[in-house]
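Here's the structure we're looking at; comments come further down.
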């Protein structure tokens, strides 16, 4: 199968997957949206994404992918732990959602060719989401910066939390910077995307997203330094700006980073450490230890877990942890073996960002933006399919006259 042009329907299906992973819980919106309506929209978008991906790939042509194989295997502990209904019928519903999600990714894998196609789809869709956040901020600043979240930016039109907005902004900024360095987009278009995204990221006061952006970009650009003069210039200027900011704005940066929290609250990761300890010391049966308690809402005793590894341990057991770790190791290993390129740099950024965010955010074991980020990385690391060789047309043989055959024999 040769490299094919990605149809627009595939991009639409990708956008619907992004919509599905936005979630239904968050801040109060300007116009109250019933949670049932939001869930109907998000689940409907997943069904529509699967239908579109199937319609555009009726022959079920897919790419071999260790990444998708590992995600498919993750369904096994999810189903085993969910069938006993310990977590309720919602667990089976989430298993069905995860199966549809992974199935759609398999169908879209046909167009993985190591190019930036899905990077562009990713940036466009998440920038559109950020546009809705900015619109909510303009329409109702009070609703977008509520006291309930300590004045941090939330989604006032669609219920989005500060960590979600910070994540989307960081990923959009990082990928756009890498596209500029490789001259895949002009600086004006990039500025239109990067500047407002930086403003929204700052308003969320999201430390995880900020660290993930900085460390991820450092690793990604570092992979280009030996082969790209633009990457070397950007890295030099970034280091100089960081030094100036650290010296001249140290107190302001510290205040932004602490978000007015006490030292004790900061050291316990805003109370996360207490939830993690309670989860780890809770008694478990052998089945729960191996396969978890079933897919849930990533909480323990009603409190959010906010750690991908512990959330997977709680819901899919140590089997799930092994599979998710294998996903990160396989993608990271393949990225390290690839020669320096834009695709490799973008993949390194996404993989490192997800690995960093996994410490304080849940989502690696279920349908989530983090799995979409890793899917884009997998598409970037896929080797381009070789074009089928052109066959030489067979020249029809002309019949040999009978007299000629007799002369050849003599």
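Residue numbers (the numbering used here): 26 to 435.
Built from N, CA and C at the ideal position, the CB exists for glycine as well.
Query, Result
"Pairwise C-alpha distance: residue 226 and residue 307", "36 Å"
"Pick from 244, 194 and 160 that is closest to residue 259, judged by C-alpha positions", "244"
"Supposed contact pair residue 190 and residue 202 - C-beta distance, whole angstroms, cut 8 Å", "That belief does not hold up - the Cβ atoms of residue 202 and residue 190 are roughly 19 Å apart, past 8 Å."
"Neighbourhood of residue 71 by C-beta distance below 8 Å, restricted to the same chain and skipping five residues each side", "41, 42, 45, 122, 125, 126, 129 and 392"
"Close-in-space but distant-in-sequence residues of the same chain around residue 418 (CB under 6 Å, 5 per side omitted)", "At residue 418 the pLDDT is 48, less than 50, meaning the model places this residue with poor confidence and gives no usable figure here."
"Check whether residue 311 and residue 102 have beta carbons under 9 Å apart", "no"
"Cβ separation of residue 339 and residue 297, assumed to be a contact under 8 Å, to the nearest whole Å", "The Cβ separation is near 14 Å, so there is no contact."
"Residue 377 - DSSP class collapsed to helix/strand/coil", "helix"
"Local conformation of residue 368 per DSSP, three classes", "helix"
"Cα-Cα separation, residue 32 to residue 276", "50 Å"
"Straight-line Cα distance separating residue 247 from residue 379", "18 Å"
"Start and end residues, alpha helix (DSSP H) containing residue 164", "142-164"
"Range covered by the alpha helix (DSSP H) that runs through residue 19", "Residue numbering for the chain in the displayed model covers 26 to 435; residue 19 lies beyond these limits and cannot be assessed."
"Inter-residue Cα distance where the pair is residue 146 and residue 39", "7 Å"
"Where residue 329 falls: helix, strand or coil (DSSP)", "strand"
"Residue 356 to residue 366 span [Cα, whole Å]", "16 Å"
"Other residues of its chain near residue 141: CB distance less than 8 Å, five sequence neighbours each side excluded", "204, 209, 367, 368, 371 and 405"
"Residue 53 burial status per 10 Å Cβ neighbour count (16 or more: buried)", "exposed"
"Status (buried if at least 16 other CB within 10 Å, exposed otherwise) for residue 177", "buried"
"Supposed contact pair residue 231 and residue 166 - C-beta distance, whole angstroms, cut 8 Å", "Not confirmed; about 19 Å, so no contact."
"Cβ neighbours of residue 433 in the same chain (closer than 7 Å, five flanking residues each side left out)", "Residue confidence is low: residue 433 scores 48 on pLDDT, short of 50, so the model does not pin down where it sits. Its coordinate-derived value is still stated next. Once the five neighbours on either side are set aside, residue 433 has no close Cβ partner at all."
"Three-state secondary structure (DSSP) of residue 107", "helix"
"Coarse secondary structure for residue 248, derived from DSSP in three states", "coil"
"Coarse secondary structure for residue 324, derived from DSSP in three states", "strand"
"C-alpha gap between residue 271 and residue 264, whole angstroms", "10 Å"
"Collapsed DSSP secondary structure at residue 93 in the structure displayed", "helix"
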